[in-house]
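Remarks on the structure that follows.
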Amino acid sequence: MIFEDIYYVKDVSRIIDRDKSTIFRWEKEGKINSPRRDSRGWRIYSKYDVEKMKRLVSELVKMYN
């Protein structure tokens, strides 16, 4: 069995230094894929998802600086 790192929205928010609402908006706008859900219906993100969001933040910073 392969164990994968999982992150909840609050974790991702802290890692990428963006508000949770930004992550929800990116999902709605299609900038990121809809995440999987745990048994409670909470969003769960993989390490790959987090890395993709880090790149998105980096691109946005470059674009607006």
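Numbering (our numbering), first residue to last: 254 to 318.
Each residue gets a CB set at the ideal place from its N, CA and C atoms; glycine is no exception.
Just to confirm, is the Cβ distance from residue i to residue j under 8 Å?
i, j, result
"Asp-258", "Lys-300", "yes"
"Arg-296", "Tyr-261", "yes"
Below 8 Å on the Cβ atoms is my guess for residue i versus residue j; work out the distance and round it to an integer in Å.
i, j, result
"Arg-271", "Val-310", "7 Å"
"Ile-276", "Lys-305", "Not quite, the Cβ-Cβ distance comes to about 12 Å (not below 8 Å), so this is no contact."
Quick check on the burial criterion: 16 or more other C-beta atoms within 10 angstroms. Buried or exposed for residue i?
i, result
"Tyr-317", "exposed"
"Asp-302", "buried"
"Tyr-298", "buried"
Which residues does DSSP pair with residue i in a beta bridge?
i, result
"Tyr-296", "First, the amino acid is wrong: residue 296 is Arg here, not Tyr. Per DSSP, Arg-290."
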